[in-house]
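Taken in sequence, the protein lines are chains A and B.
Start counting the first sequence at 1; every next residue gets the next number (full-length UniProt numbering).
Start counting the second sequence at 1; every next residue gets the next number (full-length UniProt numbering).
Worksheet for the structure shown next.
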Amino acid sequence: MKRCVYINDDDLSHDIYCDNRISNRKYTVWNFLPKNLWEQFSRFMNQYFLLIACLQLWSLITPVNPASTWGPLILIFAVSATKEAWDDYNRYLSDKKANEKEVWAVRHGVKKHIQAQDIHVGNMVWLRENDEVPCDLVLIGTSDPQGLCYVETAALDGETDLKTRVIPSACMGIDFDLLHKVKGLIECPEPDKDIRRFDANLRLFPPFLDNDVCPITIKNTLLQSCYLRNTEWACGVAVYTGNETKLGMTRGVPEPKLTAVDAMIDKLTGAIFVFQLVVVMVLGVAGNIWKDTEARKLWYVEYPTKGPWYELLVIPLRFELLCSIMIPISIKVSLDLVKGLYAKFIDWDNKMVDQETSTPAHAANTAISEDLGQVEYILTDKTGTLTENQMIFKRCCISGTFYGNEIGDALKDEDLVNAVATRSPDVIHFLTVMAICNTVVPIQRQNGTILYKAQSQDEEALVHAAAGLHMVFVKKNGNVLDINFNASVIQYEVLDTLEFTSDRKRMSVVVKDCQSGKLFLLSKGADEAILPCASTGQQTRTFSEAVEQYSQLGLRTLCLAWRELEEDEYQEWSLMFKEANSALVDRDWRIAEVCQRLEHHLQILGVAAIEDRLQDGVPETIETLRKAGINFWMLTGDKQNTAIQIALSCNFVSPEPKGQLLLINGKTGDEVRQSLERVLLTMRITSSEPKDVAFVIDGWALEIALKHHHKAFMELALLSKTAICCRVTPSQKAQLVELLKSCEYRTLAIGDGGNDVRMIQQAHIGVGISGREGLQAARAADYSIGKFRFLKRLILVHGRYSYNRTAFLSQYSFYKSLLICFIQIFFSLISGVSGTSLFNSVSLMAYNVFYTSVPVLVNVLDKDLSERTVMQHPQILFYCQAGRLLNPSTFAGWFGRSLFHAIVVFVICIHSYAFEKSEMEELSMVVLSGCIWLQAFVVALETNSFTILQHLAIWGNLVAFYVINWIVSALPSSGMYTIMFRLCRQPSYWITMFLIVVAGMGPVLALKYFRYTYRPSKINILRQAERLGGPILSLGNIEPQSRAFEKEVSPLSISQPKSRSPVYEPLLSDSPNAIRRSFGPGAPFDFFQSQSRLSSSYARNCKDN
Amino acid sequence: MNSNNTPSSSAGGPGSAAADSTAPPTTRNSKRPKYSRFTQQELPACKPILTPKWVISAFMLVTVIFIPIGVASLFASHDVVEIIDRYETDCIPEDSRKDKIAYIQSSGDKTCNRILNVTKHMKHPIYVYYQLDNYYQNHRRYVKSRSDQQLRDRDSENDTSACKPEDKTANGSTIVPCGLIAWSLFNDSYSFSRNNQNLSVNKHGISWKSDRDHKFGKDVFPKNFQSGGLIGGKHLNESIPLSEQEDLIVWMRTAALPTFRKLYGKIEVDLVAGDVINVTLQNNYNTYSFNGKKKLVLSTTSWLGGKNDFLGIAYLTVGGLCFFLAMVFTIIYLVKPRRLGDPSYLSWNRNPGGH
C-alpha cells in the first residue's frame, strides 16, 4: 500500500487522511463510565464482588445491610476510576496544548498561522529554530544553502546528539520565495512505527524540476516531536499527521505486567473461592435438611408449610453471602496502596542516586516491585550497562608499530607524537581517517573550543584523539570538511557516505581532497568486516594480532583502512549507489550490496583501540547477585573476545580452574549442532561439580540454534547459569528473553540503549540505565537507574523487602477474613443453620476496611533483616526466588491459624458468655473484640522490626477500636446502644479477652519459637546473628575486599602471551583438531589459543596479589 | 511476645551507618529525593528476636498470672449459690404425658406446685431466671422479625415490614408490638412462698435501663396483640406502655445461644440454708413441640456473674499448659543448647560456591 501526498494541494488530501489532531486519550466524556467499568469488571475478583453486592440487595437472603459491601465496593471503584480519569484528563490537557499550538503553514498559497491540529497531509509547514516539529514532514527547504538542517531527536529515540537532515536533491536550489508554491507528489508507504526508515519518492510538478523521481529517506524527514536546532528555518510537507505519525504509531499502552506474587494470590483466591463454594454447598444442604426436620417443629419461627419455588435456594444463597467475606475486598486496595509505596521508596532512595548526574532511580511501573525479589535470570547488555560507555582512545597499531603499550595511552606515547611531527605518511593517513571518516558535527563554541556532536561514542573518541594529535576537525560546511593540521587547513569534500549498519559492521566515506582533487575511500569498522577487504598483497597478520591483543585487554577495536579511487570507477559506482538509494524495495540490502562493490582492495592502515571502562562496582554487583542465586546472561553486540574479556573482568565468569568457558559456534547447521551437543555433554557432566560453567555463543550460531535446535538450546539454557552471547541483534536479545520466560524463569533485562528496548519490554522486569546512549531504554523500562551497581540494591533491598511485605500482607488479609468467616460458620451451626450473622453490618464493614487493614498497611516498613546483612549474605534472596514466603503451604499455615483462632475465640466466648449473659449484641461484640485483640497480636508477632509507626498502628488501632465502638454505643439509634460501655465494665469481659489472647497466641508463639530455635530458616539465623552481633558480620566482608585488589591489577600489560600453556581447555576436547575444524576455514584467528592466553594472563594477575 | 531489647539503635546493630551510606546533603539537586528517615526506610526500629530466655519467661509469666486468676474465678463461681429446677415434664399430669402438646395447647388450669430446698445461705438479691433449652432465639427468621422503630416511636406504628408473618392481624390492623419475637413472649409465671409466707418477687428493674429509656417508647401501647387466630405467648396489658412491660423488654433481648436464661425477677430477701420454698407456677409455654426444656433458676451473683466454672477451669488449664511448655523449653534448652545465630548453620558457609 502506498500513500500519495500531493504537495500544497488543499483539496485533494483533506478527506482521505486524518488531520493533525493528536489524541492519547483512552476515554471520552461519554464513554468514560461504561468503558472504565467494563475494564474494571473484566477482572474476576471485581466480578465476584459485584455479584455478591447484587445478591445482597435481596433482603430475604442478605445477612447484613447491603451497604457493608456496596460501600467498600463503590469506594474501590471510585478510586480506580478517579485515578484513570485524572490520568486521562492530564493526557487531554497535554494533547490540547500540542493541538492548539500555532504553526506557520501554507493555506491556499498563503503562509499563515494556524493551529497545529489543522495541519493536513500535503500542507507545507514552516519551522523556525528551536521549534518543535508538529507532524512528520518531508524537508523541502532550509535556510542552509546546502539544504542541511539539524534536529534533536531526544523525544523520539532518546539520543541527545544533533542529527543532520538534508533536503531531497530535487528541491535543491528552489528559491525561498517560490517554496510555498511548490507542487508535487510524494509516494510514501503507509504509516508505520519504524523511526529509522522512510523509503519514499518525490516528484515535483512543473514549473519545478520535472520527471525526475527523487528518493527520500529518513534523512530527508523531520519527525514529529523533534526540535529544529542550529538552523534558522526549515520547511517541509506534512506526510503523516495526528496519530498516524511515526511517534503516534509507536505510542501505545504497554501490556500490563503481572507479577509472580499476583499470579500466586490469584491462584490462592481461586482456591479459597472453591473452598467457599464447598462450604456453601455443605451448609446449604444442611440448612435445608435442618429446616425440614427441625425448624418446622419450632412453632415460634412460623415456617410456612409451602414456600415459594426458590425456597431451596434461599439458604445456600444466604450462606454464600455470609461466606463472601472469605475473599477480602480490602486486599486489592491494600495491595495497590503498598505497591505504590514500594515504588515511592525506590524513587526516594538516596543510595540509588547517581552522584555524577544526580539522577535518582525511578520506578515507572509501580505494580511489579515484588518480582524484583524473585528474579532468577538477569540478561544484561554490555556497552553502557556494565561499562561506562565513555570511550577513550587508548592504543593503536599503525603499520605494525604498537603505540601506547607501555604507558597505556597512545596520545602520550612519544613515538607516536614524533611520528606525527615527522609526518610519517601512514600515521598521517591514519589520523585523517580518524578525523573525517565519521558523521560527527563540530560546533564552534564562543570561547573558541570545538564541541563534537556525534552519534557514535567511538567516533567521538576517535575525533577527539585525532585532535589531540594535532589533526583537528574544525568545521563542517555542508559537504566540505575543514581539517586543521599543524596550523595548515586541509579541505575535503565528502562525496558519499556509506553508512554504518549492524550487518555491514563498517562505514566508509568517499572524499575528494580539495587541493589535489584526488578521490579517496576511507573506511573503518570491525576487524572481520575490514580485514577480508584488504588488498591482496597486504599482510593482515599483524593487524589481527593487534586486534586480538587489544580485545584481550577489553578494548574495543576498530580497523582503519583507505584506498585511492579512480575517477571512472567512482563515477560508475556512484550511479549504482544513487539507484540503490532510490529503491523502494529492499533498499537496505541493495545499498549494502553496492557498498560492497567499492569496499575492496583496501589498504589497512592500522587498528585503533578504544577503552570503555567498567562502571564502578560492576564486579562486586555481579558477584553479589550471583551469590544470590541469580544467573547472568550477557547479550552484547560486541565481538567475542571483548565480551569474554569484559565478562572476566567483571566477575561474570570465573577464571580457571573454577570456571570454564564452552564455545558454541559454527557456520552451518551441522557444525552448530555438533558444537551444541558437545557443550551439552560437558554441561551435564560438570553440573554436579561446583564449577562455574559458561557457554559462549555468537549471533550467527544463535540464529541457527534457535531455529533448528531449539530443544537442545533450551536444555542448555536450563543447565547453564552463565552465558555470553556476542554479536546478537536486538530481536535476538528479545528472543532469548522469550526463551527463558518459556522455561518459567523470572527474567530481568537491563540495558541502556535503543537496541535493548525490545528485550526490556519483553522481560518480566525491564531495567533501563539512564546512560549516555540516551533515555530510550530508561523510558521503555519499568525501572530506571543511574548506574549498574544500583541493581544490587534494587533487587536485594527493594525487591526482597517488597516480596516479603506483600507475602505477609496478602496472606494476612486472607487470614483475617477467614477468621471472621469461620466464626460466622460456627455460629450458624448453633443458630439452626439458618444463616444468621453474628455480627452487625457496621462491625463487619469496619472489620475488613478499617480495624484490620491499618496495622497491616504499616507493615510496609517491616524489615526482617537489615540492608547490610542482606548485602553480606545475598544467598538469602533464595527464599524470595523460590517463593518460600508465599505459596500454598505457607498459605495452608495461615489457613490453619485462622481456623484455630476462630475455634479459640468462638469456644471461649460462647462458654464464658453462656446462660444469662448470652445476649446477641453483647456476644457479638465480645467475639469481635476477641478477633481484634488476636489480630493485633498476630501482626505484632509477625512483625520483625518495630518502628514507632508500627507501634502506633498496632496498638493505636486497638485503642481506636474501643473508641469507635464507644462512640457508636453512645448513639441511641444504633443497634449496639450502650453495649460497649456495659461490656467494658464487666471484669468477665476483660478476663475473656485475656484468655483469648493467651490461648490463641500461646501455641503460635511456642511453635514459632520451636521452629525459630531448632529448625531455623536461614533468615532466622541471620536475624539472630544480626541481633547478637556474632562473628558472622565479619565473615561476609572478606570476599568483596579481595576482589577490589584484583581489579586494580587487572589492566596489566600483556607481554608475550603466547608462551603460556593453555589452561582454558574445554573438558571434552577429544582432539584439538576437532575444535579447530569447527571454527571453519574462514575464522580469522584461533579461538582456542586466544582463550588460553587470556586466561593465563588473568591467572597471573591473580597470582600477583 | 518478647522484646529482647532496650529500644535499640537503628536497623542492624553495630556500625550500620557504614560504607554505602553516601548521602551528603550538600549538593542538593531538585531532582534528588528528599532525605528523611521515613523515605530512606531508616526509621529507628527495635527488632525483637525469640531467645529462649524471653520465651520461657513469657510462658512463666503467663503461668504466674493465670493460675491466681483461675483460682479466683473458680472461687467466685463456687460462691454463687444456684437452685435449678427442671419442670417441663414434671408439671404435666401423669395421664397427659403421652401427648404433651395437646395438654399444653388445651385451655384450662395448668397450675403446678414445685418445692425447692435451699441448701446454702443465699444473700439477697436473689435472681430468678427461667432457662430454655433448645430454643433458637437466634434463628434468622426469628431474630429479624421485629421493628425497633415501632417499639420506640408511636408515629412509626406502621413500620412493620420486617415483622412478617406477625405484622398485621387478619383484618389488616397493625399489631403492636409486631413480629415473631414479641408474639412468642414467654408466659409461664411463678409465685414463691416460704413457710406459707409469700416471697415477693420484684419485677421492676429486671430489664436494661437503656432499653426502657430509649428503645421502648413511653407512649407506645400494645395494640391488637395476640388477637389473631394463633396465640403465641403472653398477652400484654394494653394500658401499660411498652417501656414498662419489662418481661417483654427482657424477652426482646434475643439470646445468641440456643440455651439461655432470662431474668424473671429478683427476691430481695436472704434465703437461709434449710429453707423450703414452694413455687406455684403456671405452665403455659409450649416447649414440648420441639423438646425444649424449661428450668426455673434461683441464683445469687458474684463479681464474675453467675455460676460458671468455665473461665476458672480454662485459666487453670491454660496456665498449666504454659507452665508445661515453659518446663519443656527449659529442659530442651538445657539438654540440647543451641547457639543462636551460629553462622555454621548457614549452609552456604559450609559449602562455598554451592547453594
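Cβ coordinates follow ideal geometry from the N, Cα and C atoms, glycine included.
It should be emphasised that the depicted structure is a prediction, and the values quoted were computed from it without experimental measurement.
Quiz item: With which residues is K2 of chain A paired in a DSSP beta bridge?
Solution: Numbered from 1 along the first sequence, position 2 holds the residue referred to as residue 2 of chain A. Under DSSP, the beta-bridge partners assigned to K2 of chain A are A:P189.
Self-check item: Simplified DSSP state of T536 of chain A, which is helix, strand or coil
Solution: Within the first sequence, numbered from 1, the residue matching residue 536 of chain A stands at position 536. Residue state, collapsed to three classes: coil.
Quiz item: Does DSSP put R43 of chain A in a helix, in a strand, or in coil?
Solution: Here residue 43 of chain A is taken as the residue at index 43 of the first sequence, counted from 1. Here DSSP, grouped into helix, strand and coil, assigns R43 of chain A to coil.
Self-check item: Whole-angstrom distance between L312 of chain A and R318 of chain A, CA atom to CA atom
Solution: Counting from one through the first sequence, the residue named residue 318 of chain A turns up at place 318. Counting from one through the first sequence, the residue named residue 312 of chain A turns up at place 312. Between the alpha carbons of R318 of chain A and L312 of chain A lies a distance of about 11 Å.
Quiz prompt | Euclidean distance between Cα positions of V272 of chain B and L321 of chain B | solution = For the purposes of this step, residue 272 of chain B is taken as the residue at position 272 of the second sequence. For the purposes of this step, residue 321 of chain B is taken as the residue at position 321 of the second sequence. If you draw a straight line from the Cα of V272 of chain B to the Cα of L321 of chain B, it comes to about 40 Å.
Quiz prompt | Chain-order list of residues whose beta-carbon lies under 7 Å from that of L495 of chain A (same chain, five-residue window excluded) | solution = By one-based count along the first sequence, residue 495 of chain A stands at place 495. If we look at L495 of chain A and ignore the five residues flanking it on each side, its Cβ neighbours are V510, V511 and K512.
Quiz item: What are the residues that DSSP puts in a beta bridge with P215 of chain A?
Solution: For the purposes of this step, residue 215 of chain A is taken as residue 215 along the first sequence, with counting starting at 1. According to DSSP, which records beta bridges pairwise, P215 of chain A is partnered with A:N201.
Quiz item: The alpha helix (DSSP H) spanning residue 387 of chain B covers which residue range?
Solution: For residue 387 of chain B there is no data in the structure shown, the boundaries of chain B being 1 and 355.
Quiz item: What does DSSP give as the partner residues of Y403 of chain A in its beta bridges?
Solution: Against the first sequence, residue 403 of chain A aligns to sequence position 403. Y403 of chain A pairs with A:C396.
Quiz prompt | Backbone secondary structure at V1063 of chain A - three-state DSSP | solution = The sequence position of residue 1063 of chain A within the first sequence is 1063, counting from 1. Note that V1063 of chain A has pLDDT 30, beneath the 50 cutoff, so the model's placement of it is unreliable and the number below is only indicative. Three-state DSSP puts V1063 of chain A in coil, outside helix and strand.
Quiz item: Hey, quick one: how far does the beta strand (DSSP E) through H113 of chain A stretch, first residue to last?
Solution: Here residue 113 of chain A refers to the residue found at position 113 when the first sequence is read from its first residue. Segment V110 to Q115, the beta strand (DSSP E) holding H113 of chain A.
Quiz item: Could you check where the alpha helix (DSSP H) with E738 of chain A kicks off and where it finishes?
Solution: Against the first sequence, residue 738 of chain A aligns to sequence position 738. For E738 of chain A, the enclosing alpha helix (DSSP H) has its first and last residue at P730 to S742.
Quiz item: Would you say F198 of chain A and G141 of chain A are within 9 Å of each other, going by their C-beta atoms?
Solution: Here residue 198 of chain A corresponds to residue number 198 of the first sequence, with the count starting at 1. Here residue 141 of chain A corresponds to residue number 141 of the first sequence, with the count starting at 1. For F198 of chain A and G141 of chain A, no; Cβs fall outside 9 Å.
Practice problem: Could you confirm whether any beta carbon from chain B is found closer than 9 Å to the beta carbon of G1002 of chain A? | Solution: Taking the first residue of the first sequence as 1, we reach residue 1002 of chain A at position 1002. Chain B has a Cβ within less than 9 Å of the Cβ of G1002 of chain A.
Practice problem: Give the straight-line distance between the Cα atoms of R1027 of chain A and A1006 of chain A, rounded to the nearest whole angstrom. | Solution: As a position in the first sequence, residue 1027 of chain A is number 1027, starting the count at 1. As a position in the first sequence, residue 1006 of chain A is number 1006, starting the count at 1. Distance between the alpha carbons of R1027 of chain A and A1006 of chain A: 20 Å.
Quiz prompt | Contact the stretch 615 to 632 of chain A vs the stretch 223 to 240 of chain A: 3+ CB pairs below 8 Å | solution = The stretch 615 to 632 of chain A makes no contact with the stretch 223 to 240 of chain A, as fewer than three CB pairs between them are under 8 Å.
Quiz item: Can the beta-carbon of C214 of chain A be found less than 9 Å from the beta-carbon of L223 of chain A?
Solution: By 1-based counting over the first sequence, the position of residue 214 of chain A is 214. By 1-based counting over the first sequence, the position of residue 223 of chain A is 223. For C214 of chain A and L223 of chain A, no; Cβs fall outside 9 Å.
Quiz item: If you measure from the beta carbon of T947 of chain A to each beta carbon in chain B, is any gap under 9 Å?
Solution: Here residue 947 of chain A refers to the residue found at position 947 of the first sequence. Answer yes: the Cβ-Cβ gap between T947 of chain A and chain B drops below 9 Å somewhere.
Quiz item: What whole-angstrom Cβ distance do I644 of chain A and T380 of chain A have, given they're in contact under 8 Å?
Solution: On the first sequence, residue 644 of chain A is found 644 positions in, with the first residue counted as 1. On the first sequence, residue 380 of chain A is found 380 positions in, with the first residue counted as 1. In fact, because the Cβ distance is near 15 Å, the residues do not count as touching under 8 Å.
Self-check item: Partner residues on chain B for N944 of chain A, Cβ-Cβ distance less than 7 Å
Solution: Start at 1 with the first residue of the first sequence, and residue 944 of chain A comes out as number 944. N944 of chain A reaches chain B at K47, counting residues in chain order whose Cβ is nearer than 7 Å.
Quiz item: Going by DSSP, which residues form a beta bridge with L274 of chain A?
Solution: Along the first sequence, read from residue 1 onward, the residue named residue 274 of chain A stands at position 274. Looking at the sequence itself, residue 274 of chain A is Val, so the reference to Leu does not match. Residue pairing of V274 of chain A in beta bridges, as defined by DSSP: absent, with no partner found.
Exercise. For I967 of chain A, count neighbouring Cβ atoms within 10 angstroms of its own Cβ and tell me buried if that reaches 16, exposed if not.
Key: Translated into positions along the first sequence, residue 967 of chain A becomes position 967. It counts as exposed.
Quiz prompt | Selected residue, minimal CA-CA separation from I604 of chain A, among A:P532, A:G554 and A:L555 | solution = For the purposes of this step, residue 604 of chain A is identified with residue 604 of the first sequence, where counting begins at 1. I604 of chain A has its Cα closest to that of A:P532, out of A:P532, A:G554 and A:L555.
Quiz prompt | Spatial distance of P191 of chain A from C4 of chain A (CA atoms) | solution = By one-based count along the first sequence, residue 191 of chain A stands at place 191. By one-based count along the first sequence, residue 4 of chain A stands at place 4. If you take the alpha carbons of P191 of chain A and C4 of chain A, they lie about 12 Å apart.
Exercise. State the Cα-Cα distance for the pair P206 of chain A and N220 of chain A, rounded to the nearest angstrom.
Key: The residue labelled residue 206 of chain A in the question sits at position 206 within the first sequence. The residue labelled residue 220 of chain A in the question sits at position 220 within the first sequence. So the two alpha carbons sit approximately 21 Å from each other.
Quiz prompt | Interface positions of the stretch 1004 to 1031 of chain A facing chain B (Cβ-Cβ less than 9 Å), listed along the chain | solution = Residues of the stretch 1004 to 1031 of chain A with a C-beta less than 9 Å from any C-beta of chain B: L1005, A1006, K1008, Y1009, F1010, Y1012, T1013, Y1014, P1016, K1018, N1020, I1021, L1022, R1023, Q1024, A1025, E1026, R1027, L1028, G1029, G1030 and P1031, listed in chain order.
Quiz item: Within 10 angstroms of its Cβ, does A892 of chain A collect 16 or more other Cβ (buried), or is it exposed?
Solution: What you label residue 892 of chain A is simply residue 892 of the first sequence in a count that begins at 1. Under a 10 Å Cβ-count criterion, A892 of chain A is classified as exposed, with fewer than 16 other Cβ atoms of the shown protein chains found around its own Cβ.
Quiz prompt | is_contact[V301 of chain A, chain B] using C-beta, thresh 9 Å | solution = Locating residue 301 of chain A in the first sequence gives position 301, where the first residue counts as 1. By this cut-off, V301 of chain A is an interface position.
Exercise. Would you kindly work out how many angstroms separate the C-alpha atoms of I7 of chain A and V728 of chain A, rounded to a whole number?
Key: In the first sequence, counting from the first residue as 1, residue 7 of chain A sits at position 7. In the first sequence, counting from the first residue as 1, residue 728 of chain A sits at position 728. In a straight line, the C-alpha of I7 of chain A is about 42 Å away from that of V728 of chain A.
Practice problem: Pull up the distance between the alpha-carbon of E738 of chain A and that of L923 of chain A, whole angstroms please. | Solution: Here the question's residue 738 of chain A lines up with position 738 in the first sequence. Here the question's residue 923 of chain A lines up with position 923 in the first sequence. Near 58 Å, if we compare the C-alpha coordinates of L923 of chain A and E738 of chain A.
Practice problem: Examine the Cβ distances between the stretch 670 to 689 of chain A and the stretch 589 to 601 of chain A and report whether three or more of them are shorter than 8 Å. | Solution: By the criterion of at least three beta-carbon pairs nearer than 8 Å, the stretch 670 to 689 of chain A is not in contact with the stretch 589 to 601 of chain A.
Quiz item: From which residue to which residue does the beta strand (DSSP E) around Q660 of chain A run?
Solution: Along the first sequence, read from residue 1 onward, the residue named residue 660 of chain A stands at position 660. It spans G659 to I664 - the beta strand (DSSP E) in which Q660 of chain A sits, taken as one unbroken run.
Practice problem: Would you mind working out which of B:I115, B:K164 and B:Q150 sits nearest P304 of chain A, comparing C-alpha positions? | Solution: Residue mapping note: residue 304 of chain A aligns to position 304 of the first sequence, counting from 1. Residue B:K164 is the option with its Cα nearest to P304 of chain A.
Quiz item: Can L822 of chain A and F906 of chain A be called in contact, C-beta distance under 9 Å?
Solution: One-based indexing of the first sequence puts residue 822 of chain A at position 822. One-based indexing of the first sequence puts residue 906 of chain A at position 906. At residue 822 of chain A the sequence reads Phe, which differs from the Leu that was named. In this structure, F822 of chain A sits near F906 of chain A, with a CB-CB distance shorter than 9 Å.
Quiz item: Taking C-beta to C-beta, are A361 of chain A and L748 of chain A nearer than 9 Å?
Solution: The residue labelled residue 361 of chain A in the question sits at position 361 within the first sequence. The residue labelled residue 748 of chain A in the question sits at position 748 within the first sequence. It is not a contact, given that the beta carbons lie outside the stated cut-off.
Practice problem: Starting from the C-beta of G109 of chain A, find all residues in its chain whose C-beta is less than 8 Å away, skip the five residues before and the five after it, and write them out in chain order. | Solution: Translated into positions along the first sequence, residue 109 of chain A becomes position 109. The beta carbon of G109 of chain A is closer than 8 Å to those of N8, H180 and K181 in its chain, skipping five residues each way along the sequence.
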